[in-house]
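Chemist: As numbered in the UniProt record's numbering, the sequence shown has no gaps in its residue numbers, which increase by one up to the final residue, 856.
Think of the CB as a built atom: it goes at the ideal place given N, C-alpha and C, for glycine as much as any other residue.
Computed from a predicted structure; not experimentally measured.
Let me begin by handing over the structure; questions about it come next.
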Amino acid sequence: MDVTVAGRPGCVLQRTFSWPDTSRSHSESAKTCREPLYLLSIDRYAKDLGFGIFFPDAIHASDSLYDATVSDGDCKLRVTIHPGLNPLVERNELRCGCQLRNVTFSRVIGLEGRNEGDGCPTYRVMNLEVDVEAGFDAGLKTLCGIDIDVLPWFGLEGHNRPSLLPLRARRSSYLPMWNNQDYYGEMWKDTAPIKPIANSESDSGEDTEDLQPTVTLREVKQAFLSRSRVISGILIVRILQKSRLFYYGKAERNCECPYKAMFEVADRSGQATMVLWNTLCMDWYRFVHPGCTLRLARYRVKESYNSRTGVKAKDDIEISLNSRNPSADISLIPKADVLPQWHLPHAPYTFYCGKEIFTCPVGSTCDVIGLVVFVGRPERTRNKDTQGVELWEYRWLQLEDGTTEQPVMVKLFSTSQPEMHSNIHPMAILVCTNVQLMRVSPDRATSFQYLTNTSLTQMYCTGSGHHSTMPYRRLRPVRQFIQWLQTVDENRVLGRAVIGGFFSCPPLPVSLEKYMRERNGEPGLVTGVELMREAEKLQYRESRTFAVQATVSAVSHARSGEQEGCSALANWTAQLPSTSSAYSRVPVTHPSPPSSVTLSPRSPRLRVRQGTLGSGKSAKRKLFHAAEPPRKRLALPLHSQQTDPEEDADREDFSLWDASMEFLDKTEEDESDDDDEEDSGSTASFTTARGSPSGPGSPHKPALGLARAASETIPRQFCPQRRVVQTAAVGLQPGHLQATLPRGKLDTFGPAECYDGHYTLTLRALSDGVTVDALFLPGSPGNLHWRPYPHPHNNSWEAILCHGSFSPSAPPPTPSDLIAMATQLTGQRLVCVLEACQLGCGRVEVVLTRAFPLRD
1 MDVTVAGRPG
11 CVLQRTFSWP
21 DTSRSHSESA
31 KTCREPLYLL
41 SIDRYAKDLG
51 FGIFFPDAIH
61 ASDSLYDATV
71 SDGDCKLRVT
81 IHPGLNPLVE
91 RNELRCGCQL
101 RNVTFSRVIG
111 LEGRNEGDGC
121 PTYRVMNLEV
131 DVEAGFDAGL
141 KTLCGIDIDV
151 LPWFGLEGHN
161 RPSLLPLRAR
171 RSSYLPMWNN
181 QDYYGEMWKD
191 TAPIKPIANS
201 ESDSGEDTED
211 LQPTVTLREV
221 KQAFLSRSRV
231 ISGILIVRIL
241 QKSRLFYYGK
251 AERNCECPYK
261 AMFEVADRSG
271 QATMVLWNTL
281 CMDWYRFVHP
291 GCTLRLARYR
301 VKESYNSRTG
311 VKAKDDIEIS
321 LNSRNPSADI
331 SLIPKADVLP
341 QWHLPHAPYT
351 FYCGKEIFTC
361 PVGSTCDVIG
371 LVVFVGRPER
381 TRNKDTQGVE
391 LWEYRWLQLE
401 DGTTEQPVMV
411 KLFSTSQPEM
421 HSNIHPMAIL
431 VCTNVQLMRV
441 SPDRATSFQY
451 LTNTSLTQMY
461 CTGSGHHSTM
471 PYRRLRPVRQ
481 FIQWLQTVDE
491 NRVLGRAVIG
501 GFFSCPPLPV
511 SLEKYMRERN
521 GEPGLVTGVE
531 LMREAEKLQY
541 RESRTFAVQA
551 TVSAVSHARS
561 GEQEGCSALA
571 NWTAQLPSTS
581 SAYSRVPVTH
591 PSPPSSVTLS
601 PRSPRLRVRQ
611 GTLGSGKSAK
621 RKLFHAAEPP
631 RKRLALPLHS
641 QQTDPEEDAD
651 REDFSLWDAS
661 MEFLDKTEED
671 ESDDDDEEDS
681 GSTASFTTAR
691 GSPSGPGSPH
701 KPALGLARAA
711 SETIPRQFCP
721 QRRVVQTAAV
731 GLQPGHLQAT
741 LPRGKLDTFG
751 PAECYDGHYT
761 LTLRALSDGV
771 TVDALFLPGS
781 PGNLHWRPYP
791 HPHNNSWEAI
801 LCHGSFSPSA
811 PPPTPSDLIA
821 MATQLTGQRL
831 VCVLEACQLG
841 CGRVEVVLTR
851 AFPLRD
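Here's what the structure looks like:
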């Protein structure tokens, strides 16, 4: 027999809503829950024209609304977050697993949401407090051992559940939490929809089961352009290219499913653009790919978008497919049923190897395949095409293909393939199609290349199952890459495989004049107060670059979370490191919980493991790599960090050989040895106190930045046996508790070899005295991750700050030597280029990438 909420006397929500109503208004009832509640999920969607009815006092709030699920451990309740609380969500302070107190609920009588018909009451949260003292893992610890999926819904009986559509807007699905380019939710189908019974009065006049084309793209195009007649027969086309999703939802429009997707399609007569609109995107987008063959009927023919806007286009027409006016008839034709006499063209590919990419003209579009050796943390940036309103998610990748010593850099934005993007990891084989070459020249003698998205970019990664089915696997460049891959020493690649951490690319110029010319209309210098104000506006993982005039008041070096040495430039007199200094800076840290809750990838049920989290060990600096050892087929070593029992259950053997098998027809077994072990040595560090960061008489802490590198700042050594958990730990905050990891999980992975500590420079703005703690991560010789700028210099502080790195032609100074040289910065006025990134939970990472001296 099902237990109802009413039968649970300890239910906090039941007691809260059973209290007498003290509201003075007859139209609104407000109740405040003083006891702790926990946030189980949070979902985002765009507001519509009805927004002002539900929230008349928040007309000028952001364009997003958030629905959430809260629980007291006995039942669950769906609520809508008041738009005035949106900044807490956007800065990732209100996040899954957090503990809430003093939550004020409000239910407006007579203004119910779109889903009140399911019988489940919904409320608005007008106010709340995030209990930071309870820790960000409070919900994980409190609800461990509880299957939250079977908790009853407040107001419903038995196993009934509320509708999962947005509560306060007429939208057909929720949006991804952190971007608008991906699909999200159960409404997006991953299999072909069941075909309805054909309408005998179809526009084509043909039997819809007839697979023979009755018209070609050329005939359709000629008829449309001549305006003589309209041809609407059956088209048989093959998909050549696929675009990302385009979301065009606006607050002033009530379109329930504002999506479109574009495909380049062709038959034996020509090529055209096919456009899926609205709900057809939800029905078809996920599982149609380049190489698929479609049967189309009841479509509309339009002039292509580029032609309408005056842009020269290769396609003059669009085949428009919508769910109404008319309702399009789409069928996916299996490969076995595709007839040779249709003469459908194959999907075109233009693969360039790394060596060829560096010689291509700027703007060239190509396809690339490579072995992933670095996966950056996801970050977000504002899209200039949308007046800075929309945030785009991206990450940096480094690929190798054996044709050049320089890695192929890829700045990969979302391609509407969220499952693949969230599972990209080092040691995987990655294929990116339709990427564009960009080139940056910081000076006349130096240029840096990288690839980035076009609207038609798609990516395919090891483990997704696509490599074995895609047409490109039989192409010569792909087969040559696979042959090279089978000669690679896996352990040597694994030694430099890196995931996460701060990464900046392409490098900036080394002169102030060149840097200011390349600002491209962006604001030049900001004051300290303006820097603080703009940093407060940053949303979660949003990154922006600022330039401010400042002096350096203190320098320190830390390694593996411990302060190693420092120099305070008070009264413009250097103070060498001393352990007897009276002032010491308190690092910004968060205590680890006594127990950590972990989630099994195979089960939504929460589990608990007692004990402390393992900490990563220091990596030794290697200035120059030794000669390449003889090639060996070795098993990937297991890291020494503590792991979770359920992670052990989900471990899988991993090798490049197995990955390459996705491209081949026959499978072969990989050979392995287990005779290599990870170097367990560590480098000792020394700790000293610091001088006042703001000079004498100013003991207050800096107004912006972190004194120590955050967990998200430090790059991690890739752990292939725990790649699922590690990839999730590096990723963005999920919107559901089942996918949430304990906050300290990232620290169970050791730092990468490329990380040899960081410098912290305390800057004082010349304009208003605002102090900023800026991290400095200089590139160094032999560091394949943070590569030094190629121009030699004398390794003085001025040269190091201008180049953002040590000299590539000489061993870098030790941290203690560089700290002792800090007197070179005495009284030096600098233009400091800072990259600020909102890491969530009130933490803003500030990294100094360049500092140019100001000349009199």
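Taking the alpha-carbon positions, what's the Thr279 to Asp747 distance?
Modeler: Near 42 Å, if we compare the C-alpha coordinates of Asp747 and Thr279.
Chemist: Enumerate in chain order the residues of its own chain whose CB-to-CB distance from Glu90 is below 6 Å, with the five nearest sequence positions on each side excluded.
Modeler: So the qualifying residues of the chain are Gln539.
Chemist: Please state whether DSSP places Glu393 in a helix, a strand or coil.
Modeler: Strand.
Chemist: Considering only residues of the same chain and omitting the five flanking positions on each side of Tyr285, which have a CB-CB separation below 6 Å?
Modeler: Answer for Tyr285: Ala261, listed in chain order.
Chemist: Do you know offhand how far Tyr38's Cα is from Asp72's?
Modeler: C-alpha separation (whole angstroms): 6 Å.
Chemist: Suppose contacts are defined by Cβ-Cβ distances below 9 Å. Is Leu801 in contact with Phe852 by that definition?
Modeler: Against a cut-off of 9 Å, the Cβ pair of Phe852 and Leu801 comes out as a contact.
Chemist: Report the option in Asn794, Trp797, Gln733 whose CA atom is closest to the CA atom of Arg95.
Modeler: Per the Cα distances, Gln733.
Chemist: Just to check my reading of the structure: Ala251 and Lys47 have Cβ atoms closer than 8 Å, yes? What is that Cβ distance to the nearest angstrom?
Modeler: So it is a contact: roughly 5 Å between Cβ atoms.
Chemist: Have a look at Ser323 and Pro193 and give me their C-alpha separation to the nearest angstrom.
Modeler: Spanning the two alpha carbons is a distance of roughly 13 Å.
Chemist: Provide the residue span of the beta strand (DSSP E) that contains Arg380, from first to last.
Modeler: 379-382 is the extent of the beta strand (DSSP E) around Arg380.
Chemist: Compute the Euclidean distance between the alpha carbons of Lys141 and Arg722, then round it to the nearest angstrom.
Modeler: Computed Cα separation, rounded: 22 Å.
Chemist: Among residues of its own chain, excluding the 5 on either side of Phe413, which ones have a beta-carbon nearer than 6 Å to its beta-carbon?
Modeler: Within the same chain, Phe413 has close Cβ partners Trp392, Tyr394, Asn453.
Chemist: Determine the direct distance from the alpha carbon of Tyr515 to that of Gly402, and round the result to whole angstroms.
Modeler: For Gly402 and Tyr515, the distance between alpha carbons rounds to 34 Å.
Chemist: Can you tell me where the beta strand (DSSP E) holding His467 begins and where it ends?
Modeler: No beta strand (DSSP E) holds His467; DSSP gives it neither H nor E.
Chemist: Select from Leu475, Pro56, Phe51, His82 the residue whose C-alpha is nearest the C-alpha of Ile42.
Modeler: Comparing Cα positions, the closest option is His82.
Chemist: Do Thr551 and Leu245 have their beta-carbon atoms positioned less than 9 Å apart in this structure?
Modeler: Not in contact: Leu245 and Thr551 (Cβ atoms no closer than 9 Å).
Chemist: Which residues does DSSP pair with Gly370 in a beta bridge?
Modeler: Its beta-bridge partners are Leu430.
Chemist: Would you report the Cα separation of Gln610 and Cys144, rounded to the nearest angstrom?
Modeler: Reliability fails at Gln610, whose pLDDT of 35 lies under 50, so the model's placement of it is uncertain and the value that follows must be treated cautiously. Going by the C-alpha atoms only, they are around 12 Å apart.
Chemist: Starting from Arg78, trace the beta strand (DSSP E) both ways and give me its first and last residue.
Modeler: Unbroken beta strand (DSSP E) run through Arg78: 76-81.
Chemist: Let's test the definition: count the other Cβ atoms within 10 Å of the Cβ of Tyr248 and tell me whether it reaches 16, buried, or not, exposed.
Modeler: Per the 10 Å Cβ criterion, exposed.
Chemist: Does the contact criterion of 3 or more C-beta pairs under 8 Å hold for the stretch 835-851 versus the stretch 770-788?
Modeler: Judged by Cβ distances under 8 Å, the stretch 835-851 makes contact with the stretch 770-788, as three or more pairs qualify.
Chemist: Rounded to a whole number of angstroms, what is the C-alpha to C-alpha distance between Trp342 and Arg517?
Modeler: Cα-Cα distance, rounded: 55 Å.
Chemist: Between Cys837 and Glu379, which are expected to be in contact by the criterion C-beta below 8 Å, what is the C-beta distance as a whole number of angstroms?
Modeler: That pair is a contact at about 6 Å.
Chemist: Could you round the C-beta distance between Arg377 and Val724 to whole angstroms and report it? I think they count as a contact, below 8 Å.
Modeler: Incorrect: roughly 17 Å between the Cβ atoms, too far for contact.
Chemist: Near Arg358, which residues of its chain fall below 8 Å by C-beta distance, leaving aside the five closest residues on each side in sequence?
Modeler: It should be noted that the sequence gives Phe, not Arg, for residue 358. Taken in chain order, the residues that qualify are Thr404, Gln406, Gln449.
Chemist: With respect to the alpha helix (DSSP H) encompassing Gly139, which residues constitute its N-terminal and C-terminal limits?
Modeler: It spans 138-142 - the alpha helix (DSSP H) in which Gly139 sits, taken as one unbroken run.
Chemist: Counting along the chain, where does the alpha helix (DSSP H) carrying Ala820 start and finish?
Modeler: Element bounds for Ala820: 815-820.
Chemist: Looking only at its chain, what residues have a beta carbon closer than 6 Å to the beta carbon of Val440, apart from the 5 residues adjacent to it on each side?
Modeler: Counting only Cβ-Cβ distances below 6 Å, and skipping sequence neighbours, we find Phe448, Pro506.
Chemist: Using the three-state DSSP reduction, which class does Arg621 fall into: helix, strand or coil?
Modeler: A caution first: Arg621 carries a pLDDT of 33, below 50, which makes its placement in the model unreliable, though a value can still be read off. Three-state result, Arg621: coil.
Chemist: For Tyr38, which of helix, strand or coil comes out of DSSP?
Modeler: Looking at Tyr38 - three-state DSSP - the assignment turns out to be strand.
Chemist: Could you tell me how far apart the beta carbons of Leu344 and Arg268 are, in whole angstroms, since I believe they sit closer than 8 Å?
Modeler: Contact holds; Cβ gap of about 7 Å.
Chemist: Determine, using beta-carbon pairs with one atom in the stretch 363-373 and one in the stretch 345-354, whether at least three such pairs fall under 8 Å.
Modeler: Contact holds: three or more Cβ-Cβ distances are below 8 Å.
Chemist: Below 8 Å CB to CB, which residues in the same chain sit around His467 once its five sequence neighbours on both sides are set aside?
Modeler: Contacts found: Ile429, Val431, Tyr460, Arg473, Glu662, Phe663.
Chemist: Helix or strand or just coil, what does DSSP make of Ile807?
Modeler: In the sequence on display, residue 807 carries Ser and not Ile. Coil at Ser807, not helix or strand.
Chemist: Name the DSSP bridge partner or partners of Lys537?
Modeler: Looking at the DSSP assignment, Lys537 forms no beta bridge with any residue, so it has no partner.
Chemist: For Gln721, which of helix, strand or coil comes out of DSSP?
Modeler: Here Gln721 sits in helix by DSSP.
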